[in-house]
Amino acid sequence: MDRLTTLLRSKNIHYDEVRRVDDTHILVRNVDPAQLSQFRDIFSAQFNNVWDMAPAAGDPSGYTLTLRPSAVATIQDRP
2 MDRLTTLLRS
12 KNIHYDEVRR
22 VDDTHILVRN
32 VDPAQLSQFR
42 DIFSAQFNNV
52 WDMAPAAGDP
62 SGYTLTLRPS
72 AVATIQDRP
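Residue numbering for the sequence shown follows the working numbering, starting at 2 and increasing by one per position.
The structure is reproduced here in structure tokens:
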């Protein structure tokens with residue numbers, strides 16, 4: 002979550018909130034529609050290997066990031 006926030010700020014991508022919903026979900030609220038392409042590029046380059054992104058329910062400019070089951074299994078297997 003901190004890494005995502007830092008990247009969004011460094012690229013001057015405007016949003017209202019990045020917050021952890023639970024252990025496997027992050028919500029990014031109100032991404033500037035004019036910067037959506039940049040947001041998707043950052044996501045694809047940095048997070049697409051472990052997270053899935055989908056539109057957030059009830060928020061036309063919000064996105065929910067969901068930790069992939071394979072990543073959850075890897076985390077749970079750590080000592």
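A virtual CB, placed ideally from N, CA and C, is assigned to each residue, including glycine.
- Counting only runs of 4+ residues, no alpha helix (DSSP H) is found wholly inside the segment 10-40.
- Looking only at H15, R69 and L8, the smallest Cα-Cα distance to N31 is reached by H15.
- Going by DSSP, M2 is part of no beta strand (DSSP E) at all; its letter is neither H nor E.
- Around the beta carbon of L5, 16 or more other beta carbons lie within 10 angstroms, which makes this residue buried.
- At the C-beta level, L28 and G63 come within 8 angstroms of one another.
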